[in-house]
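Protein chains in written order, with my numbering: chain A, 1164 to 1718; chain B, 7 to 139.
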């Protein structure tokens, strides 16, 4: 691959900034674009001045008949694009010939999918192996050149509710992967495997055990009961803590089935040797009475030592959650005013800015979707509370622009009633759905927001017709990209929020976009295959956009 | 000695009181009548034990439908488990968690637990029609 002289400069800049990244080569080698999960590209060919000329240059139709939520972010390395589909088919495409090089179809065993089948992508190690987590909770290592299985490990027993939907993360010679299943009484964990042998290196449990258990976690001396927090920062959680304490003996074993799925790819900081993980909801979701305590580390951002797998710190956004407002969107590391921070966009509609070394809250930003009646308890008649149970921000990864200090957040506005005690009997429905009921006649919409991480203020917002699920991308030229459920894929000016370009992909563009360099040109890619959970039109195509060949020649 | 006699007497009285209380709390009843109210009274470990018993019984019933003797049943259960063909295919923690949320709704409470199992199973993507022999 020919590398033009300007690409020698980029790696140096990136190294100074901090996160290990491959953008110097023009590749996109990890789910979040770099170890810090920033989804920020230093590529500069596509600019606010020429983005309006952008056209589809390639379309990879995966040809998969079993459709689901197509949430994949492709990985690109050495002229090959790696894509995964909702039911765990992995495929490699040659970007020069646009031909499929190989495909691997994982033979799924028993599976439970909380929120629709999906897979968000692969990790790649040394250009030789790619790794995919599967719906039946396996981690599969594939030969990057042939797609042949190198090793295959069961990370959790799928019959007990474990599954994997996120893209693994490579740290050195380890592959890091978490599990989903918080709706099904799992005890969540994150595990490091040796990338070559597949041997387990360490396992960190997202539900801390009480003293005496071999997996006891000294950062949670009171186990998952925590500190009996009555508030989330200044906000009253309306807990009956006396009753919870009285019940804690009866439910002494509840931590063993406490949930705490890890939905999304963690971030990693080499200097701190820390992995930053967002931990999902407790189990059972609704019946908070059977899980007294704070339910650590659910709904939390946690820092884990990358060598030992031990907890360094945690910040719980919602202790004892009964609203399903858990921590899902992947954490991001950024330098803010000389301080290294971890940023997380919550389902609560706040962006949390935490000190990366200590986990202390630096600031909670203004809300990026409407809030109302926060943390009011569900009631028999229904309690109107905003945001609804999907957020705020769902799993959608944010992007950050470190030069502006902005985070770009895809948000949902879905007014909901939180109902207890009586629900219409719907055969075959997951009852979670009927506990959080969209209010008929009230408008639902999406908000794409730039949140100033230095001030906590909303810099700009764009309203779109449907609640947003997918994610963001930012580039050094001052562009940010995101998709919509109606198939629109949009480019905005990062500083002003002005819509500069739009293309309709025909199916929901509900995945996080990426960018890469190939053959001297910059491309933007996004999987437009819809979303099962929000009933956005399904499809199976990865769209790759670039400047027209003519424009490239004139540049 | 006198203390020992008093001790025995106390134990007898305590046993009688406890037994009477137990019999009032849990009178013998047919399993068909066990419902959400009973479920809500169960401690978590009792719930898990109850679910495991249900799963074993369901697997036995499913396997027995295709076998002629106990060896055949054992072979059938092992094959069903291996092939992911068990009607109730998931672990006790999964059913226990989902049934707890099922009975969190007041209007579900009168429904029997076997009904809850069927509904949870359907919600988990295993409707009964898909797993009948």
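Glycine included, each C-beta is placed from N, C-alpha and C at the ideal position.
Determine the contact status of residue i and residue j, defining contact as a CB-CB distance below 7 Å.
i: residue 38 of chain B; j: residue 65 of chain B; result: no
i: residue 1496 of chain A; j: residue 1199 of chain A; result: yes
i: residue 1555 of chain A; j: residue 1511 of chain A; result: yes
i: residue 1709 of chain A; j: residue 1672 of chain A; result: no
i: residue 1637 of chain A; j: residue 1205 of chain A; result: no
i: residue 1215 of chain A; j: residue 1623 of chain A; result: no
i: residue 1338 of chain A; j: residue 1325 of chain A; result: no
i: residue 1455 of chain A; j: residue 1392 of chain A; result: no
i: residue 1328 of chain A; j: residue 1340 of chain A; result: no
i: residue 1631 of chain A; j: residue 1601 of chain A; result: no
i: residue 1121 of chain A; j: residue 1222 of chain A; result: Within the shown structure, residues of chain A are numbered from 1164 to 1718, placing residue 1121 of chain A beyond reach of any answer.
i: residue 1430 of chain A; j: residue 1494 of chain A; result: yes
i: residue 1487 of chain A; j: residue 1552 of chain A; result: yes
i: residue 1509 of chain A; j: residue 1474 of chain A; result: no
i: residue 1286 of chain A; j: residue 1267 of chain A; result: no
i: residue 1250 of chain A; j: residue 1280 of chain A; result: yes
i: residue 1319 of chain A; j: residue 1342 of chain A; result: yes
i: residue 1211 of chain A; j: residue 1625 of chain A; result: no
i: residue 57 of chain B; j: residue 103 of chain B; result: no
i: residue 1650 of chain A; j: residue 1669 of chain A; result: yes
i: residue 1195 of chain A; j: residue 1265 of chain A; result: no
i: residue 1699 of chain A; j: residue 1660 of chain A; result: no
i: residue 1506 of chain A; j: residue 1516 of chain A; result: yes
Let me make sure I understand the geometry here. Which of the options has the alpha-carbon closest to that of residue i?
i: residue 1277 of chain A; options: A:1424, A:1547, A:1352 and A:1216; result: A:1424
i: residue 1542 of chain A; options: B:111, B:76, B:100 and B:95; result: B:111
i: residue 1565 of chain A; options: A:1250, A:1642, A:1671 and A:1557; result: A:1642
i: residue 1528 of chain A; options: A:1319, A:1569, A:1394 and A:1210; result: A:1569
i: residue 129 of chain B; options: B:107, B:117 and B:113; result: B:107
i: residue 1382 of chain A; options: A:1659, A:1362, A:1478 and A:1513; result: A:1478
i: residue 1235 of chain A; options: A:1635, A:1680 and A:1655; result: A:1635
i: residue 1514 of chain A; options: A:1484, A:1466, A:1573 and A:1538; result: A:1573
i: residue 1202 of chain A; options: A:1644, A:1668, A:1683 and A:1517; result: A:1644
i: residue 1610 of chain A; options: A:1559, A:1598, A:1420 and A:1238; result: A:1559
i: residue 132 of chain B; options: A:1273, A:1290, A:1396 and A:1658; result: A:1273
i: residue 1422 of chain A; options: A:1464, A:1467 and A:1345; result: A:1345
i: residue 1606 of chain A; options: A:1627, A:1615, A:1612 and A:1613; result: A:1627
i: residue 1182 of chain A; options: A:1209, A:1271, A:1291 and A:1436; result: A:1436
i: residue 1396 of chain A; options: A:1444, A:1379, A:1621 and A:1538; result: A:1538
i: residue 1362 of chain A; options: A:1484, A:1317 and A:1270; result: A:1317
i: residue 1323 of chain A; options: A:1282, A:1263, A:1369 and A:1420; result: A:1420
Note down, in chain order, every chain A residue with its Cβ under 8 Å from the Cβ of residue i.
i: residue 116 of chain B; result: Residues of chain A passing the Cβ test: none, with the nearest at roughly 12 Å.
Just to make sure I have the definition right: I need the residues of chain B whose C-beta is within less than 7 Å of the C-beta of residue i. Which are they?
i: residue 1449 of chain A; result: 107 and 110
i: residue 1446 of chain A; result: 103
i: residue 1348 of chain A; result: 99, 100, 102 and 103
i: residue 1413 of chain A; result: 49
Taking residue i as part of the beta strand (DSSP E), name the residues at either end of that continuous run.
i: residue 1475 of chain A; result: 1474–1479
i: residue 1233 of chain A; result: Neither: residue 1233 of chain A is in no beta strand (DSSP E) and is coded neither H nor E.
i: residue 1685 of chain A; result: 1684–1691
i: residue 1508 of chain A; result: 1502–1508
i: residue 1316 of chain A; result: 1312–1317
i: residue 1575 of chain A; result: 1569–1576
i: residue 123 of chain B; result: It is not in any beta strand (DSSP E) - residue 123 of chain B instead sits in the alpha helix (DSSP H) that spans 119–129.
i: residue 1432 of chain A; result: 1430–1432
Interface residues of chain A around residue i at Cβ under 7 Å?
i: residue 51 of chain B; result: 1416
i: residue 90 of chain B; result: 1272 and 1273
i: residue 80 of chain B; result: Under the 7 Å cutoff, chain A gives no residues; its nearest Cβ is about 19 Å from residue 80 of chain B.
Starting from residue i, trace the alpha helix (DSSP H) in both directions and tell me its first and last residue.
i: residue 1350 of chain A; result: Where residue 1350 of chain A is concerned, there is no enclosing alpha helix (DSSP H), given that its DSSP letter is neither H nor E.
i: residue 1408 of chain A; result: 1404–1410
i: residue 5 of chain B; result: Here chain B has residues from 7 to 139 only, and residue 5 of chain B is not among them.
i: residue 83 of chain B; result: 76–88
i: residue 1294 of chain A; result: Careful: residue 1294 of chain A lies outside any alpha helix (DSSP H), inside the beta strand (DSSP E) at 1292–1296.
For residue i, go through chain B and note every residue whose CB falls closer than 9 Å to its CB, in chain order.
i: residue 1275 of chain A; result: 96, 100, 130 and 131
Can you name the residues of chain B whose CB is closer than 8 Å to the CB of residue i?
i: residue 1712 of chain A; result: Neighbours of residue 1712 of chain A on chain B: none; closest Cβ ~47 Å, over 8 Å.
i: residue 1323 of chain A; result: 96, 97, 99 and 100
i: residue 1320 of chain A; result: 97
i: residue 1453 of chain A; result: 50 and 106
i: residue 1229 of chain A; result: The premise fails here: residue 1229 of chain A is roughly 13 Å from chain B at the closest Cβ pair, so nothing lies under 8 Å.
Examine chain C for any beta-carbon lying closer than 7 Å to the beta-carbon of residue i, and answer yes or no.
i: residue 1420 of chain A; result: Any reference to chain C falls outside this structure, whose protein chains are A and B.
I'd like to know if the region 1292–1306 of chain A and the region 1687–1702 of chain A are in contact, where contact means that at least 3 CB-CB pairs between them fall below 8 Å. no
Touch check for the region 1367–1382 of chain A and the region 1394–1403 of chain A: three-plus C-beta pairs under 8 Å? no
Between the region 1381–1396 of chain A and the region 1242–1254 of chain A, are three or more C-beta pairs nearer than 8 Å? no
Using 8 Å as the Cβ pair cut-off and three pairs as the minimum, do the region 1438–1452 of chain A and the region 80–92 of chain B touch? no
Can you find at least 3 beta carbon pairs, one from the region 1221–1232 of chain A and one from the region 1456–1466 of chain A, that sit closer than 8 Å? no
For the 8 Å Cβ check, are there 3 or more pairs between the region 1408–1424 of chain A and the region 60–78 of chain B? no
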